[in-house]
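Everything below concerns the one structure shown next.
In my numbering, the protein residues as written are -12 to 229.
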C-alpha cells in the first residue's frame, strides 16, 4: 500500500510485483516476514535487495494488532460490539502506520489515506458513540485542526502543511477530548527531542525540513493504546470485584 500510494496505482486490484525487475510475485513471496527471511532479503527473480521497510512494517503491524486484540477482548466480554471495535481499530492503526512511513519517506501525508480515515471514523462515531459524547470528538477534531491551520497561515506553510491539518482533524475524531491534548503535547515533545538530536549529531541543520506526520501518527497510536489499556484495566477490576 505504501509503495503504491507513491506510484498512484490501484491498491485493491493490482498484483504485487518487484519494483526492480517488475516480476509478478506469487503468494509464497508475500508471506509477511517469513518470505523476507527465506529469501534472505532479496527478490527471488532478480536477486535485488528487498527494503527492510517491509519486515519492519509487517512486524510492527502484527504486534499492534495483537495488542489491540488483547486489550479489546476479555474472557467475560466477547460481544458483537467488541468485534466492531476491533475492526475499527485494526483499520485506523493500519492507516496511521501508512501515514507514519509515507510521510517519513516522502514528506507528504496522502489524502488517499486521510479522507477514508476521516469518513470511517465519522461512521464509527455515529454508530458506536453515545450521543452526548459525539460533541467531545467533534470539538477535539475542530480545535486540533484549527490550531494547525493557524500555524500554517501564520508561517505561510513553512512550519506545517495542510496534511498536518487534515491529520490533526482525524486525530480528534479518534481520540476525543481531552486525549487529543495529550497526543498533541507528546507529538511536539517527541518532535523537539528528535529534531534537536538530529541537529546535534549533524544529521539535520537548523533550517532542514523534518516531517511532523510521523510524530502525530505515533503519538495518536500511543495515546489510543494507553486509553484502551486503562479501559481494559477498569473492566478487569470490575469483573474481579463481581
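We treat Cβ as the ideally placed atom computed from N, Cα and C, and that holds for glycine.
All values reported here derive from a predicted model rather than from experimental measurement.
Taking just the CA atoms, how far does residue j sit from residue i?
i	j	result
residue 229	residue 40	The pLDDT assigned to residue 229 is 49, lower than 50, so where the model puts this residue is not dependable; a value taken from the coordinates is nonetheless given after this. So the alpha carbons of these two residues sit roughly 46 Å apart.
residue 211	residue 161	8 Å
residue 123	residue 187	40 Å
residue 195	residue 71	43 Å
residue 163	residue 139	23 Å
residue 13	residue 22	11 Å
residue 42	residue 137	38 Å
residue 182	residue 141	21 Å
residue 69	residue 52	14 Å
residue 1	residue 47	24 Å
residue 185	residue 192	8 Å
residue 92	residue 15	27 Å
residue 121	residue 98	24 Å
residue 190	residue 113	45 Å
Among the candidates the options, whose CA atom is the shortest distance from the CA of residue i?
i	options	result
residue 133	3, 152 and 144	152
residue 33	22, 86, 21 and 9	9
residue 172	156, 149 and 203	203
residue 87	131, 198, 214 and 216	198
residue 94	35, 177 and 148	148
residue 58	155, 170, 77 and 125	77
residue 165	131, 184, 138 and 154	131
residue 216	140, 54 and 176	54
residue 209	193, 174 and 180	174
residue 67	115, 92, 25 and 47	115
residue 31	193, 11, 47 and 43	11
residue 128	192, 35, 183 and 108	108
Below 8 Å between beta carbons: does that hold for residue i and residue j?
i	j	result
residue 83	residue 56	no
residue 157	residue 104	yes
residue 167	residue 159	yes
residue 75	residue 102	no
residue 37	residue 28	yes
residue 150	residue 96	yes
residue 106	residue 85	no
residue 170	residue 207	yes
Contact check, residue i vs residue j under 8 Å by CB: the rounded distance?
i	j	result
residue 201	residue 90	6 Å
residue 17	residue 3	6 Å
residue 20	residue 45	5 Å
residue 125	residue 155	Not a contact, Cβ separation roughly 13 Å.
Any beta carbon from chain C within less than 8 Å of residue i's own beta carbon?
i	result
residue 194	You won't find chain C in this structure, because it holds only one protein chain.
* alpha helix (DSSP H) segments (min. 4 residues) lying fully within the region 86 to 125 -> 98 to 115
* Asked: Considering only residues of the region 151 to 212, which uninterrupted alpha helix (DSSP H) runs meet the minimum length of 4 residues and lie entirely inside it, listed in chain order?
  -> 166 to 187
* To do: Jot down the residue ranges of each uninterrupted alpha helix (DSSP H) in the region 18 to 56, minimum 4 residues, whole runs only, in chain order.
  => 21 to 25
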